[in-house]
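A.B. asks:
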Amino acid sequence: SKATHRAKTVFTPPSAKAASETKSIIARDLPLALEHESFSFVYQPQFHTGTGAFSGVEVLLRWEHPDIGFVNPEWVFEVAERTGMLLEMDRWIMQKAVQNLSPLYQIQPFQVSINLSSFHADPHELAAVIRQTAGKGLIPAEHLTFELTENPEPESTEQLHLFLESLKETGVRIALDDFGKGYSSMSYIQRLPIHTLKLDRTFIQDLDTDSAHRWLVKAMVTMGRRFQLSVIAEGVETGEQLALLKECGCPFVQGYYFARPMPLEELKKKLMMNTYR
Ligand code: C2E
Ligand code: CA
Ligand code: CA
Ligand code: CA
298 SKATHRAKTV FTPPSAKAAS ETKSIIARDL PLALEHESFS FVYQPQFHTG TGAFSGVEVL
358 LRWEHPDIGF VNPEWVFEVA ERTGMLLEMD RWIMQKAVQN LSPLYQIQPF QVSINLSSFH
418 ADPHELAAVI RQTAGKGLIP AEHLTFELTE NPEPESTEQL HLFLESLKET GVRIALDDFG
478 KGYSSMSYIQ RLPIHTLKLD RTFIQDLDTD SAHRWLVKAM VTMGRRFQLS VIAEGVETGE
538 QLALLKECGC PFVQGYYFAR PMPLEELKKK LMMNTYR
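Each residue of the sequence shown is one higher than the one before, starting from 298 at the first, in UniProt numbering.
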């Protein structure tokens, strides 16, 4: 009705309107962008907490749209999910990232972490793509980590379990991204064939001011160790946070405090110059 329409118009904040317009542009242009490979990547280094040694990188997608500039990657994947393009995106990203990093890997091996979003939509297809990518041997399977984010629906746990079981023989590693934020994570990590817990940034953010979060991080690290999982904290921005993570025994860290996500050339320079030990 007219009244509802007016109410909607009145109560939609300008930023939300801009967001939905941007998302329409993304939806319109994503297929051609993928076809023309208009994306790039940045790589964010990860470090061993105790020694400060460089341990790997997380691959992050970037899309500079000719009209609207750099697009929020979260929106890219939100739109890709809505338009049924997740698997195609994941496939392209996985293959390109491995191709791009392989020359650097040959010089100095490291862990390569790639985010995947299509597992909820296409577990079988995605598993096939992973097997194929790992089979190419550009980066050995044990140095490939795939970051998955748990689905809020508890029923999806069984699906995740089957998906991970089907990947076991490939030797690739699995990280649970945004860990601690979801519902069922605590109860099922003991059953799932995963390797890494990636502690959600929100726990790290106020580590220095929120003692409850400090306690939670400590508990998650302890639990990780108990189940022989690696643990990495993301979004580490300050020395205080690092000190507290050390105290908690968190073995790996990533965040602006150490390095921002960077283009391949810059990463290569830093590694060649031994900027990271
Ligand atoms: P995510 O997987 O949780 O990635 C971490 C995000 O935190 C990245 O944002 C990264 O740039 C940012 N970040 C890193 N260190 C810090 C820090 O110290 N402080 C703060 N505040 N932020 C930090 P980005 O690149 O904008 O990506 C956002 C999300 O988009 C990612 O969250 C992921 O869910 C998705 N995404 C990005 N690239 C890809 C991709 O290639 N494939 C898939 N499937 N998803 C991707
Ligand atoms: Ca991630
Ligand atoms: Ca995350
Ligand atoms: Ca995420």
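All residues carry an ideal CB built from backbone N, CA and C; glycine is no exception.
Here the structure is a predicted model, which is why all the values come from computation and not from measurement.
When every heavy atom of ligand 1 is checked, does at least one fall within less than 7 Å of the C-beta of Gln341?
C.D. replies: yes
A.B. asks: Could you tell me the boundaries of the beta strand (DSSP E) in which His421 lies?
C.D. replies: Premise fails: His421 lies in the alpha helix (DSSP H), Pro420 to Gly432, not in any beta strand (DSSP E).
A.B. asks: Any contact of the segment 373 to 386 with the segment 317 to 325, i.e. 3+ C-beta pairs under 8 Å?
C.D. replies: yes
A.B. asks: So what's His302 in DSSP terms, helix, strand or just coil?
C.D. replies: Residue placement at His302 is flagged as unreliable, the pLDDT there being 49, under the threshold of 50; the coordinate-derived value follows with that caveat. Correct three-state label for His302: helix.
A.B. asks: Got a sec: does ligand 1 put a non-hydrogen atom nearer than 7 Å to the Cβ of Val514?
C.D. replies: Flag unset: Cβ of Val514 not near ligand 1.
A.B. asks: Please write down, chain order preserved, every residue whose beta carbon lies under 5 Å from a heavy atom of ligand 2.
C.D. replies: Asn412, Glu444 and Asp474
A.B. asks: Please return the same chain residues whose Cβ sits closer than 8 Å to the Cβ of Arg488, not counting the five positions on each side in sequence.
C.D. replies: His458
A.B. asks: Which stretch, first to last residue, makes up the alpha helix (DSSP H) that contains residue 590?
C.D. replies: Residue 590 lies beyond the range of the chain shown here (298 to 574); nothing can be said about it.
A.B. asks: At a cut-off of 7 Å, would you count Arg557 as near ligand 3, judging by its Cβ distance to the nearest heavy atom?
C.D. replies: For Arg557, the shortest separation between its Cβ and any heavy atom of ligand 3 does not lie below 7 Å.
A.B. asks: Around the Cβ of residue 294, are there at least 16 other Cβ atoms within 10 angstroms (buried) or fewer (exposed)?
C.D. replies: Shown here, the chain extends from 298 to 574; a query on residue 294 therefore has no answer.
A.B. asks: Just the C-alpha distance for His371 and Leu357, rounded to the nearest angstrom, thanks.
C.D. replies: Per the sequence presented here, residue 371 reads as Glu, with His not at that position. One C-alpha to the other measures close to 11 Å.
A.B. asks: Give the DSSP-derived three-state secondary structure of Thr380 in the structure shown.
C.D. replies: coil
A.B. asks: Measure the Cβ-Cβ separation of Ser410 and Leu383 and say whether it is below 8 Å.
C.D. replies: no
A.B. asks: Residues bridged to Trp360 by DSSP?
C.D. replies: Phe336
A.B. asks: What does a CB cutoff of less than 6 Å around Thr380 pick up in its chain, not counting 5 residues either side in sequence?
C.D. replies: Closer than 6 Å at Cβ, skipping near neighbours: Ala324.
A.B. asks: For the segment 398 to 410 against the segment 339 to 354, are there 3 or more C-beta pairs whose distance is under 8 Å?
C.D. replies: yes
A.B. asks: Helix, strand or coil: how does DSSP classify Glu355 here?
C.D. replies: strand
A.B. asks: What does the Cβ neighbour count give for Ala316, buried or exposed, with the cut at 16 atoms within 10 Å?
C.D. replies: exposed
A.B. asks: Whose C-alpha, out of Arg388, Leu327, Gln392 and His333, is nearest the C-alpha of Pro369?
C.D. replies: The identity of residue 369 in the sequence shown is Asn, whereas the question assumes Pro. Checking every option, the nearest Cα to that of Asn369 belongs to Leu327.
A.B. asks: For the candidate residues Leu461, Ser312 and Glu422, whose alpha-carbon lies nearest to that of Ile486?
C.D. replies: For Ile486, the nearest C-alpha among the options comes from Leu461.
A.B. asks: Quick one: residues in its chain with C-beta nearer than 7 Å to the C-beta of His510, no 5 flanking neighbours on either side, listed in chain order?
C.D. replies: Phe500, Asp503 and Leu504
A.B. asks: Beta-carbon separation of Asp475 and Thr446 under 8 Å?
C.D. replies: Yes. Within cutoff.
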